[in-house]
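> This structure is in C-alpha cells; I'll ask about it shortly.
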Amino acid sequence: MKTGTILAYVLCGVIIICAWVVCFLPTIFYMNPLEIPPNENHVNVSLNTSLMPLFPCNPPLIFSNQSGFCKPACDWLPFSKQEQHGMLIADWITTIFCITCFCIILATWLKLPEFMKFPHFIILLMAGITAFIEILVIIPKLGKESEFFCSSVFADEAINKPTAFCETQGVLIHYTSLVIGELFVIYNAVLLKHLVLDKLPCESYSKKFLSILFLAVLILPIFPVIYVLKAGDSYTVLYLRYCFPRNADEGYFSCLLPQQLFVGIGTTCILLVIFKLIKERKSSLIGSPSQARRRQIQLQKIAIQFIIVIISYIVCVYLSYGVLCIQLNNRRTLGKSLEEYFGCLIFTKNCPEDFREYVTPYGLMIVFLLAGIVFQGGTFILLVGKQKARNLWRSWWFDLTTKCRHPKPAKGRMPRSTSSAQELQPSTSEKKTDTKN
1 MKTGTILAYV
11 LCGVIIICAW
21 VVCFLPTIFY
31 MNPLEIPPNE
41 NHVNVSLNTS
51 LMPLFPCNPP
61 LIFSNQSGFC
71 KPACDWLPFS
81 KQEQHGMLIA
91 DWITTIFCIT
101 CFCIILATWL
111 KLPEFMKFPH
121 FIILLMAGIT
131 AFIEILVIIP
141 KLGKESEFFC
151 SSVFADEAIN
161 KPTAFCETQG
171 VLIHYTSLVI
181 GELFVIYNAV
191 LLKHLVLDKL
201 PCESYSKKFL
211 SILFLAVLIL
221 PIFPVIYVLK
231 AGDSYTVLYL
241 RYCFPRNADE
251 GYFSCLLPQQ
261 LFVGIGTTCI
271 LLVIFKLIKE
281 RKSSLIGSPS
291 QARRRQIQLQ
301 KIAIQFIIVI
311 ISYIVCVYLS
321 YGVLCIQLNN
331 RRTLGKSLEE
341 YFGCLIFTKN
351 CPEDFREYVT
361 PYGLMIVFLL
371 AGIVFQGGTF
381 ILLVGKQKAR
391 NLWRSWWFDL
401 TTKCRHPKPA
411 KGRMPRSTSS
421 AQELQPSTSE
431 KKTDTKN
C-alpha cells in the first residue's frame, strides 16, 4: 500500500473522529452544568425579618389570593420588548422562507417523477418536516402566546399543568425531530451502500423492505414520546415559544442523545462517501484524458452536493439545539438565580438581576430562530445542481412571463407559444452534453 493511500485513510479517520467529537458537544455541556460558587455571598432577603412584603406586588410578580403572597407571572420573559419584537420578526422570516422553499421543492419533485424514487424522496420528507415544525412554532404568534402556553396566570401552576396546545406541540416537535434524524441516517447509509460498498442500483430494494424500513422510522420515535408523557414529567414551555420535556434528564436522553447519535452516524456515512468519490476522481481508469477530465468534474459536482446537504443539516441541528444545550448547562444556576430574584422582589424593588448572566443571549436566540433557513436552503441548492430541475424552473418562468406580457387572446384564436413540456425538453446542445456525460 502506497504512503499516500495510508495518509489518506488516516486523514479520513481523523476527520470522522473529529466529527463525532463535535456531534457530542451537547453531552459535554449537559454533563458539566454550571454551579453557583459556594463562596459567593447571595443575600436572601426573605430571611430578613426587618423587611415586610410589599403590596401591591413588584412587577413581574402578581398577587395570588390562594397562597396569599406575590408570585411570578406565566407570561414573563427575560427579554426586553425590543428583543421580543426582533425574535418575532426572525420567527416570521424563517417560517415564510421554509414554507416557500418547501412548496418549490414539492412542486419540482411532483413534476419530475424520477426524484420520487428511493432514496431521493427522503430529502423531500425532511424538507416537509422542517416546514411543519416551523408552522407549529408560528401558530402561537397568530394570537396571544400566553393563551396557548399558560394554563394559569402564575408561572409555577402553568409549569405543573401544561396546556393542551403545549403538550401537543411538544409531542409533535419531539416526534418529528427524531423522525428527521432517522431519515438523515437512512439517506446517508443508502448512499454509502450504493456508492461505496456494493454499488448496486437503488432500484434493487424491494417494496417489502422499504415498507418495513419506513414503518420502523415512524414507530420507533413514539416510545420516547410516550415515556415523557406517561412516565415522565410531560412538557413545559421555554420562553413562550417551544415546549420541551420538563425534566432535564428526560429531555437529554429522549431527545438530545438520539439526535447526536443520528448526526454522528449520518455524518460518518457521508464522509466515507465523499472520501470514496474524491479517491475515484483522481483515478485514471479511463483511457481518454478528455473522458477522465469530464468524469472528474462530474464526480466533483456530486461530492459538492453531498457536502452541501451534510453541512446544511448539521448546521441546522446544532443551531437548533445549541440554545437548548446552553439552557441545560445553565439549568441549576439560572433556576437558583431566578428563585433569589423573585424572592427579593417580594420585599424590595432594588434587586440585582444576576440571572441575566445565565439567560441565553439575544443574538444567539436570533441565530437559533433562523436555523431552519439553513437546511431548507441547502436542500434548495441541492436541486439547483440538477439540470432537469433548472429546466423545469426555466419553463415555469417562461410560462409566467408569457402570460404577463401578452394580453388574453381573442376568442377562437390561439397564440403560438412554447409550452412547459416543450421548454422542459433539453436543447440539442444539452442533449449532446448529456450524451457525453
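Sequential numbering of the sequence shown, starting at 1, is according to full-length UniProt numbering. Just so it is clear, CB atoms sit at the ideal spot from N, CA and C, and this is done for glycine as well. Predicted, not measured: the structure shown is a model, and the values here were computed from it.
Output yes or no for whether 9 angstroms exceeds the beta carbon distance between N329 and N32.
Yes, Cβ-Cβ distance for N329 and N32 is below 9 angstroms.
> Sort out for me which residues DSSP pairs Y30 with in a bridge.
Paired residues: none, contrary to the question.
> DSSP state of K133, grouped into three classes?
Looking at the sequence shown, residue 133 is not Lys but Ile. I133: helix per DSSP, three-state reduction.
> If you follow the alpha helix (DSSP H) that L197 is part of, which residue opens it and which one closes it?
First-last for L197: undefined, no H or E at that position.
> Tell me whether T236 sits in a helix, a strand or coil according to DSSP, three-state version.
T236: strand per DSSP, three-state reduction.
> Excluding five sequence neighbours on each side, which residues of the same chain lie with their C-beta closer than 6 angstroms to the C-beta of C57?
Same-chain partners within the cutoff: F63 and C70.
> Within the continuous beta strand (DSSP E) that includes F63, where are the two ends?
Per DSSP, F63 belongs to the beta strand (DSSP E) from L61 to F63.
> What is the rounded straight-line gap between the Cα of K2 and the Cα of V22?
Going by the C-alpha atoms only, they are around 31 angstroms apart.
> Could you check whether the region 213 to 225 touches the region 155 to 167, counting it as contact only if at least three pairs of C-beta atoms, one from each stretch, sit closer than 8 angstroms?
No: the two stretches stay apart, fewer than three of their Cβ pairs being nearer than 8 angstroms.
> Can you name, in chain order, every residue of its own chain whose Cβ lies under 8 angstroms from the Cβ of K276, other than the five neighbours on each side?
Cβ neighbours of K276 beyond the five flanking positions: L195 and V196.
> Using CA atoms only, rank isn't needed, just tell me which of L272, Q259, K141 and F24 is closest to V179.
Answer by Cα proximity: Q259.
> Can you check whether the CB of L183 is closer than 9 angstroms to the CB of L125?
Yes, Cβ-Cβ distance for L125 and L183 is below 9 angstroms.
> List the residues that DSSP assigns as beta-bridge partners of F275.
DSSP lists no partner for F275.
> Whose C-beta lies closer than 8 angstroms to the C-beta of L192 among residues of the same chain, with five residues either side of it excluded?
Result list for L192: C269, I270, L272 and V273, in chain order.
> Quick one: complete alpha helix (DSSP H) runs, 4+ long, within the region 69 to 143?
Listed in chain order, they are 81 to 111 and 121 to 138.
> Which class does F24 belong to by DSSP, given the choice of helix, strand or coil?
Three-state DSSP puts F24 in coil, outside helix and strand.
> What does the alpha-carbon distance come out to for the pair L334 and F355?
Those two C-alpha atoms are separated by around 6 angstroms.
> I need the straight-line Cα distance from I373 to G68, nearest angstrom please.
Distance between the alpha carbons of I373 and G68 is about 47 angstroms.
> Just how far apart, CA to CA, sit G385 and S152?
Each residue's Cα considered, the two are about 51 angstroms apart.
> When the Cα atoms are used, what is the spatial distance from L106 to Y239?
Going from the Cα of L106 to the Cα of Y239 covers about 32 angstroms.
> Assuming I186 contacts P119 under a Cβ cut-off of 8 angstroms, what Cβ separation, rounded to an integer in Å, is found between them?
Contact flag correct, Cβ pair sits at about 7 angstroms.
> Suppose you measure from the CA of V45 to the CA of I311; what does that come to, to the nearest Å?
In this predicted model, V45 has a pLDDT of only 48, less than 50, meaning its place in the structure is not dependable; the value taken from the coordinates is given anyway. Rounded to whole angstroms, V45 to I311 spans 50 angstroms at the Cα level.
> For I222, which option in L261, Q387, E353 and T176 has the closest C-alpha, if you only look at C-alpha atoms?
Of the listed residues, the one whose Cα sits closest to I222 is T176.
> Exposed or buried, what is L324 when buried is set at 16 or more other beta-carbons lying within 10 Å of its beta-carbon?
Label assigned to L324: buried.
> So, at 8 angstroms on beta carbons, what are the nonlocal neighbours of T108 in its own chain, with the 5 sequence-adjacent residues on each side left out?
Around T108: F115, L383, A389, L392 and W393.
> If the criterion is Cβ atoms closer than 9 angstroms, does the pair Y362 and F79 meet it?
Contact: yes.
> Looking only at its chain, what residues have a beta carbon closer than 8 angstroms to the beta carbon of L136, apart from the 5 residues adjacent to it on each side?
Closer than 8 angstroms at Cβ, skipping near neighbours: Q169, L172 and I173.
> Starting from P245, follow the beta strand (DSSP E) in both directions and report where the run begins and ends.
Y242 to P245 is the extent of the beta strand (DSSP E) around P245.
> Alpha carbons only, please: which of L338, V263 and C351 is nearest the one belonging to F24?
It is V263 whose Cα lies nearest to the Cα of F24.
> Let me make sure I understand the geometry here. Which of A155, Y235 and C351 has the alpha-carbon closest to that of W76?
Ranking the options by Cα distance to W76, first place goes to A155.
> Taking only three categories from DSSP, how would you classify S50?
For S50, the pLDDT reaches just 46, beneath the cut-off of 50, and the residue's location in the model is therefore unreliable, leaving the point undetermined.
> Nearest-angstrom Cα distance between K208 and G86?
Roughly 49 angstroms between the two C-alpha positions.
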